[in-house]
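K.L.:
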């Protein structure tokens, strides 16, 4: 049976259902798992899809909607500030006051008691993707991959702080010590967390080398299988530090128009060029998104 083609309208309708749920449950704890279930998106990728479609993280969206509701209640209701805080999901009136002042520049009390004050949001800097468009071919290649054994080292921390080159060097040294040096191996990076949700110092990534014979794990060097199946492959040429924005572009611009949905598998990158002898703006990376 042929699977249903998913359109941008389908994606937006499912996000709209999530937004309606949030709007009607502002006074409750709103968790990611519940929203992913409501949207019927992959739980693994839900937050990235939401951010791509809304151009705002889930936490930022919920916070903004709560504060906008607070502004309405402060101006047009007789409710005390404490009641408003609890009604829209703030743990304490003081936490509402801090967030309100950060966004609007004045306290809830001043806004409530002075009808001549009109709110203006603090200016936010928005990044543009125009300069990045030349780096990415958004017409993805659809392929089927076999399961691929890899050896790996798990790193935890911000991408600009962890030692990726050192981890790859350790993997190559391990293979040499085991007399298992292959003629060639793919350098793979697997990313388990969304940097818009997980604190930078808690981000987990696996630095991997593909292998073609049996290898036993040792110490913190593990062995696992990179899941096969259907993937959309994007070819990127440019500096590594743009990759996070490139990922967002794929979620926002390609995925809703692609007719595909994502599987509950992490996406990964294959580093094609050698960073030690390739200029930063000429680095070649293949980005693999698991689709169904």
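In our numbering, the protein residues as written are 133 to 424. Don't be surprised by glycine CBs; every beta carbon is placed ideally from N, CA and C. No experiment lies behind these values; they were computed from the predicted model shown.
CA-CA distance, residue 227 and residue 163?
P.N.:
19 Å
K.L.:
Whose CA, out of 203, 184, 221 and 223, lies closest to the CA of residue 242?
P.N.:
203
K.L.:
Taking the beta carbon of residue 244 as the centre, do at least 16 other beta carbons fall within 10 Å, making it buried, or is it exposed?
P.N.:
Buried is the call here.
K.L.:
Quick one: what's got a C-beta closer than 8 Å to residue 299's C-beta in the same chain, skipping five residues either side?
P.N.:
285, 287 and 339.
K.L.:
Would you mind giving the Cβ-Cβ distance between residue 359 and residue 418, rounded to the nearest angstrom? I have them listed as a contact below 8 Å.
P.N.:
Incorrect: roughly 16 Å between the Cβ atoms, too far for contact.
K.L.:
Quick check on DSSP: helix, strand or coil for residue 364?
P.N.:
It is a strand residue.
K.L.:
Any idea what DSSP makes of residue 355, helix, strand or coil?
P.N.:
strand
K.L.:
From the DSSP secondary-structure annotation, give me the bridge partner or partners of residue 323.
P.N.:
337
K.L.:
Per DSSP, what kind of secondary structure is residue 348 in: helix, strand or coil?
P.N.:
coil
K.L.:
What residue does the alpha helix (DSSP H) around residue 418 start on, and which one ends it?
P.N.:
That residue, residue 418, is in no alpha helix (DSSP H); its beta strand (DSSP E) goes 416-422.
K.L.:
Closer than 6 Å by C-beta to residue 408: which residues in its own chain qualify, once you throw out the five before and the five after it? Chain order, please.
P.N.:
none
K.L.:
Considering only the alpha carbon of each residue, which of 167, 177, 143 and 201 lies closest to residue 159?
P.N.:
201
K.L.:
According to DSSP, which residues form a beta bridge with residue 403?
P.N.:
319 and 417
K.L.:
Would you kindly work out how many angstroms separate the C-alpha atoms of residue 321 and residue 313, rounded to a whole number?
P.N.:
20 Å
K.L.:
What does a CB cutoff of less than 8 Å around residue 352 pick up in its chain, not counting 5 residues either side in sequence?
P.N.:
Answer for residue 352: 285 and 286, listed in chain order.
K.L.:
Could you give the distance in angstroms between the alpha-carbon of residue 403 and the alpha-carbon of residue 151?
P.N.:
37 Å
K.L.:
Give me, in chain order, the residues of the same chain whose beta-carbon lies closer than 6 Å to that of residue 185; leave out the 5 immediate sequence neighbours on both sides.
P.N.:
147
K.L.:
Given residue 155, which residues of its chain have a CB within under 8 Å of its CB, disregarding the five upstream and five downstream residues?
P.N.:
197
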